[in-house]
Each structure stands twice: as structure tokens, then as C-alpha cells.
Amino acid sequence: MVDKLTIKRIKRYLGMFIPVLLIFSLGIVALDFYLPYSGKEGSAITTTYHMAEDGKFLADIPFENYLHEAPAIQGAVFDIRDYGADSESSFSDNTIAVQNTIEAAYDAGGGTVLVDGGTYRTGRLRLKSNVTLRISEGACLECITYEENKSLSEENRLDVLGYISAKDADNVKIEGPGRIAGNGATYVNPAKEESEFLPLDTFNLKRYIVEHRKRIMMGKEHEFNRAMLLGMNNCTNVTIQNLELYEAGSWTARLEGVDNLHIEDVVINNNVRVANTDGFDIEGGTNIVIRHCFIATGDDAICIKTDDANTPALDGMLVEDCEIMSLANCFKIGTATWNTISNVVVRDCFFFMPGIAGGYSGIAIECVDGSIVSDITIENIVMEHVTSAFVIWLGYRNGEGTLKNITIQDIEATGIDVASAITGYKKYSKINSVENVTLKNISMTYREADEKLNIYKNSKGAYEGPLNMEGYPEITRVSSMSVLTSNLYPYWDLPVYGLFARYVDGLTVENFSVTPRSKNSRPLDNVQDEGDRIEIQNFIWI
Numbered sequence: 010m011v012d013k014l015t016i017k018r019i020k021r022y023l024g025m026f027i028p029v030l031l032i033f034s035l036g037i038v039a040l041d042f043y044l045p046y047s048g049k050e051g052s053a054i055t056t057t058y059h060m061a062e063d064g065k066f067l068a069d070i071p072f073e074n075y076l077h078e079a080p081a082i083q084g085a086v087f088d089i090r091d092y093g094a095d096s097e098s099s100f101s102d103n104t105i106a107v108q109n110t111i112e113a114a115y116d117a118g119g120g121t122v123l124v125d126g127g128t129y130r131t132g133r134l135r136l137k138s139n140v141t142l143r144i145s146e147g148a149c150l151e152c153i154t155y156e157e158n159k160s161l162s163e164e165n166r167l168d169v170l171g172y173i174s175a176k177d178a179d180n181v182k183i184e185g186p187g188r189i190a191g192n193g194a195t196y197v198n199p200a201k202e203e204s205e206f207l208p209l210d211t212f213n214l215k216r217y218i219v220e221h222r223k224r225i226m227m228g229k230e231h232e233f234n235r236a237m238l239l240g241m242n243n244c245t246n247v248t249i250q251n252l253e254l255y256e257a258g259s260w261t262a263r264l265e266g267v268d269n270l271h272i273e274d275v276v277i278n279n280n281v282r283v284a285n286t287d288g289f290d291i292e293g294g295t296n297i298v299i300r301h302c303f304i305a306t307g308d309d310a311i312c313i314k315t316d317d318a319n320t321p322a323l324d325g326m327l328v329e330d331c332e333i334m335s336l337a338n339c340f341k342i343g344t345a346t347w348n349t350i351s352n353v354v355v356r357d358c359f360f361f362m363p364g365i366a367g368g369y370s371g372i373a374i375e376c377v378d379g380s381i382v383s384d385i386t387i388e389n390i391v392m393e394h395v396t397s398a399f400v401i402w403l404g405y406r407n408g409e410g411t412l413k414n415i416t417i418q419d420i421e422a423t424g425i426d427v428a429s430a431i432t433g434y435k436k437y438s439k440i441n442s443v444e445n446v447t448l449k450n451i452s453m454t455y456r457e458a459d460e461k462l463n464i465y466k467n468s469k470g471a472y473e474g475p476l477n478m479e480g481y482p483e484i485t486r487v488s489s490m491s492v493l494t495s496n497l498y499p500y501w502d503l504p505v506y507g508l509f510a511r512y513v514d515g516l517t518v519e520n521f522s523v524t525p526r527s528k529n530s531r532p533l534d535n536v537q538d539e540g541d542r543i544e545i546q547n548f549i550w551i
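All the letters of the sequence shown, read from the start, carry residue numbers 10 to 551 under our numbering.
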């Protein structure tokens, strides 16, 4: 992984001798190129990974790089088969058997609950303090289907904590190298369009959004708690390692208020068409590490949020050496930002799309609900065919917040379709700016294609924006407008192919290059910005 990143970084610096283009102003940047594209719709592009024939799962996940033989179990072992579990038994019998095994381990002062010898379908399971759940190679704990869940009484159905969860527990471990499966497809409706969404020969933002959303599988009308696969709430010393998490029906792992959380060597292998299948949702907590994981999912892959006013703050998180595919954002802070999020580092990762279109940003840092998001460092990231490299968004959805001290450096993004953006907002006459942003050693290259742009202008022909700072934040919505508080958004392109920056107080840019499509199709617009303290080094104009 590091070797690949090192090689690509060398190639990027060599590439800086080739003429590149980025136009920057204190408010608006605007130039782009236009080239008629001769290939058929969805022309092949070179990618590291590929989709399976069904168009729903990745075909070539390198499991051997992430999952490994587990060490011998130390201490007491509690085999679920000794408590009545049987791969041929009903889910109701297996639910009782596995939960009884967990209780036995807990009552004994702790131990390892062993899942071995087959696939065991169960309803919800609750882990306890000092209990390790070990799923052997070839074994699987499988969540009940939608119809099975629907058949249960309300008190026995899957709930908001998740399929396998713990609450107010200490010293909890979940490990493989086996699988936890969610039966996610049974909880959603078919997509409106089954065909793959291939890269557009003529990129058009409005069409992109429509085609992307047509292929998403939404939850059934009565979801009966389309449960997360894993849920941890108010726990301490939690380890998730050497494990495959497969086909979640909703968030794969919701980890709220967990202190000392360690996640390593985990493969998330989701149906990328299923809505809301976030990878790891980290809601508050301290001392959090996500290391050497492979994530393929249909929504935000690693997402830090504080879901409401009762969610604890997050202080101290490291993400490193991960490979991530997302049909939304690969790494995201937000959108829910009700409490402080600070001291986050993401480094040495590969973000990618496997030959299909869809998704938004490699990096999304958002603050919209009135809290403080600060001291965020993202570095040494390679992106392949991710729609946009990054967005930094301070908005006003539920209050005035603070977004400050952001560093993004050593980034190579190839095959992008949309510019990057940093924006605060102006509400009435008051400006709330993003503070202290550093962009350093960043190289972005567009995917070659035709394009059809729609740039919003006022009656005098000048660009107006950002327009949507009270709505849902996304790179595709910086220049969109919420209509009558509904979910109807008309989308407009940014008048820029490189970097849009508005309402930023303290922006340092060094060695920032963008290679656009082959011909310019955007007129140059200038809009006065009201930011401050701007320092620009090593831009290349053409």
C-alpha cells in the first residue's frame, strides 16, 4: 500500500513539469476545457479494482491482504454448538442458543464465544463486558431477513442498537477471520434502474445526479428497523479485527461514545447499490484507530458525526493505510455535527471507484449544526476516479458553527469530474468563515470527456453563490438551491474546474495543480469574496 502511494507521489512531482492550469480568486475560479469525446457512453477506463457481473459487489477484493489466520484462543472458550446452536436450526432457536452462550461467558467473568462449523442465522444479539466473539474461518453469523424480522413481535425485532451490539460494556472484542452477514438486500426495494452507471461521455451534473440516484436501492416502506450490522453505545476498550462484514442493510457499524476503539484488518463488503450502508460511523468517543481496512460500500465509508446534542464529543482519531470505495464520500466529517469533533488524522490511504460512476468526494469535511470542528489533517492520499477530491463546508442548518484548522496535503487525484470547494456562508449581512485552511502538494487530473455545464448567474450575467448553505452539504450542492424546504434541488455547476473558495479566513495554498479536460468551456467569472488572509504559492496560469 505504501509502495503504491510512494510511486504515485513521485509520478505526481515529475508531472508538475507539464503545463497545468488552476485559476483562483478570493471568491470564484473559472476556466475549463471542452473536447468532443469520440468513445461510446461508458467508455472503459483503467481502474485498480472492478465490479462483479451483477454490478452490486466488488469482484476482486484482496481478502488475503486483510484477513489472516487467527491465533489460538487464550482463556475460557464457549462454543455456541454446546448451547444448542445448529446451522440447520431455525433462526429463533439459534438466537436463543447464541445469546445463552454470550450470557454464560459473561457470567463466568469473561471468555471467548466461538462460532464455528457453518452459517448460523439469528435475530439480534447483545454482547457483554469481557466477552470476545470469535467467528472462525468459513463460519458466519447471519442476520435474519426482512420477512423473518417482520414476523417477530415488536420487542423482539431488530432495534436501533444493531444486529450485534453492546451497550454500557467494557472490554468487548469481535474478531474473525469469518463473516458477519446482514441480508441487506431483503430490506430494500429494487432500484429503478438495474444497469450499471458507467462514466458519462458527456459529463452533466444534473444528469449525473439523476442517473446515480435511479440505481440506488431504497429501504422498504416498513423497514422494521433496517438494522446496522454492529452497534456499540457508551462502551470502553472495543476491538474489531480480522473480520468480514458483508451486505449490511443499513449502517455497517455504528460506534457511539466508544473510548479506546481499535479497528484493524476489517473488510466491509457491501452491496454498493443499497442506500445508507455507511461503513464505520463514529459518533463521538476518544482514542479511536481505524487501520488497514478495505471498505466497499454504497454510502459514506468512514464517517465521523455527533448525531444530536446528547452525543459525546470526539477527540482523537487516526485513520491509516486503508483502501476505500464509496458511492458517497470516502472519508467524511458530518453531516450531523451537534458536538465538538477535533484532532483527527487520515493518512496513507487509497480512495477509488471501480470503473463505475457515482459518489461525491474523496474527502468531505462539513460543519452545519452549530458545533466546533477543528484540527483535522488529511495527508498522503491517492484517489482514482473519485468524482471530486474534497469539499470543506461550513453551513447553517441548525446553528452557527466553527470549522477551523484544516490541513490537506500530499494528494493525487486522477479521473475527477467535479471541482473542489471550500466555503463558509453569509447569512443576511453576517459572514461566518472557514478558518485556517492549508492546501499543500495537491495534484488533480480530470477524466477526459465532453461536458455540458449549467452555471447559475444573476440578471447581470454574474455568478452568484454559494446558494445552499442551509441545506444538505455535498460537493454537488455547493451551487444548488433548496426549493421551498423540500428535497427538490436544482443543480448548477461551479464556474471552476479547480478550486472554489469563498468565505475563508486564513487560506494557504502551496503546490496546487489541476489538469483539466482538453478545451475550455467555462467563461471566466469574477466574484468579490469577503475572506481574509490569503497566501498563494506555486500556481500555474495558462
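From the three backbone atoms N, C-alpha and C, an ideal C-beta is built for every residue, glycine too. Treat the numbers as computed from the prediction; the structure is a model and nothing was measured.
Measuring straight from C-alpha to C-alpha, what distance separates residue i and residue j?
i, j, result
"Ala236", "Thr55", "36 Å"
"Val328", "Val354", "6 Å"
"Lys65", "Phe340", "21 Å"
"Arg356", "Lys229", "37 Å"
"Ile144", "Ala114", "15 Å"
"Asp63", "Thr261", "21 Å"
"Val553", "Pro71", "The requested residue 553 does not occur in the structure, where the chain is confined to residues 10 to 551."
"Ile387", "Glu73", "27 Å"
"Glu460", "Ala428", "13 Å"
"Ile27", "Ser527", "Confidence at Ile27 is low in this model, with a pLDDT of 30, below 50, so the placement of that residue should be treated as unreliable; the coordinate-derived value is given next. Each residue's alpha carbon lies about 14 Å from the other."
"Gly48", "Ile365", "For Gly48, the predicted structure reports a pLDDT of 34, less than 50, and the residue's modelled location is therefore unreliable. A value from the coordinates is still provided. So the alpha carbons of these two residues sit roughly 16 Å apart."
"Ala430", "Lys413", "15 Å"
"Ile297", "Asn467", "47 Å"
"Ala178", "Gly515", "43 Å"
"Thr320", "Thr411", "18 Å"
"Ser34", "Leu508", "In this predicted model, Ser34 has a pLDDT of only 32, less than 50, meaning its place in the structure is not dependable; the value taken from the coordinates is given anyway. Cα to Cα, Ser34 sits roughly 9 Å from Leu508."
"Ala458", "Leu209", "8 Å"
"Asn513", "Ile440", "For clarity, residue 513 is Val in the given sequence; the question names Asn instead. Their backbone Cα atoms lie some 10 Å apart in a straight line."
"Ala345", "Asn269", "22 Å"
"Tyr465", "Met334", "31 Å"
"Asn180", "Ile299", "17 Å"
"Asp116", "Leu252", "26 Å"
"Gly470", "Ile272", "52 Å"
"Ile313", "Glu292", "6 Å"
"His59", "Glu112", "43 Å"
"Leu207", "Asn242", "39 Å"
Would you list the residues sitting across from residue i in a DSSP beta bridge?
i, result
"Val267", "Gly294"
"Lys182", "Thr141, Thr248"
"Val283", "Met226"
"Ile350", "Leu323, Val382"
"Cys302", "Paired residue(s): none; Cys302 is not in a bridge."
"Cys312", "Asp290, Lys341"
"Ser429", "Leu508"
Which same chain residues, not among the five before or five after residue i, have their C-beta less than 7 Å away from its C-beta?
i, result
"Gly240", "Leu170, Gly171, Ser174, Arg263"
"Tyr196", "Tyr155, Gly228, Lys229, Glu232, Arg235, Gly258"
"Thr57", "Phe361, Glu393"
"Tyr369", "Ala337, Asn338, Thr396, Ser397, Glu483, Ile484, Thr485"
"Gly147", "Gly187"
Can you name, in chain order, every residue of its own chain whose Cβ lies under 6 Å from the Cβ of residue i, other than the five neighbours on each side?
i, result
"Thr454", "Thr423, Thr524"
"Ala190", "Cys149, Glu151, Tyr255, Glu256"
"Val283", "Gly193, Val197, Met226, Gly307"
"Glu332", "Phe303, Phe359"
"Ala94", "Asn103, Ala106, Val107, Tyr129"
"Asn213", "Lys461"
"Thr110", "Phe87, Ile89, Tyr92, Val122"
"Lys182", "Thr141, Thr248"
"Tyr75", "Asp274, Val276, Phe303"
"Lys436", "Tyr405"
"Gly84", "Gly120"
"Asn407", "Asp378, Gly379"
Which residues in the same chain have their Cβ closer than 8 Å to the Cβ of residue i, if we skip the five residues on either side of it in sequence?
i, result
"Thr286", "Gly193, Ala257, Gly258, Ser259, Trp260, Thr261, Asn279, Asn280, Thr306, Gly307, Asp308"
"Ser162", "none"
Pull up the CB-CB distance for residue i and residue j, whole angstroms please, since I reckon it's below 8 Å.
i, j, result
"Glu8", "Val391", "Outside the shown range of the chain (10 to 551) lies residue 8, about which nothing can therefore be said."
"Ala322", "Asn348", "5 Å"
"Asn463", "Lys223", "At roughly 19 Å, the Cβ-Cβ gap does not stay under 8 Å, so Asn463 and Lys223 are not in contact."
"Ile417", "Ile381", "The Cβ separation is near 19 Å, so there is no contact."
"Gly325", "Val377", "The pair is not a contact, with the Cβ atoms about 23 Å apart (cut-off 8 Å)."
"Ile153", "Gly132", "5 Å"
"Val505", "Val400", "Val505 to Val400, Cβ: 13 Å. No contact."
Within 8 Å of any Cβ in chain B, is that where the Cβ of residue i sits?
i, result
"Ser438", "Protein chains in the displayed structure number just one, and chain B is not present."
Going residue by residue through the stretch 355-427, where are the continuous alpha helix (DSSP H) segments of at least 4 residues, counting only ones entirely within it?
none
If you scan the stretch 48-111 from start to end, which runs of the beta strand (DSSP E) of 3 or more residues do you find wholly inside it?
86-88
Could you tell me which uninterrupted alpha helix (DSSP H) segments, each at least 4 residues in length, are contained entirely in the stretch 195-246, listed from first to last along the chain?
214-223
Just to confirm the assignment: which complete beta strand (DSSP E) runs, minimum length 3, are found wholly within the stretch 113-173?
120-124, 128-131, 140-144, 149-152
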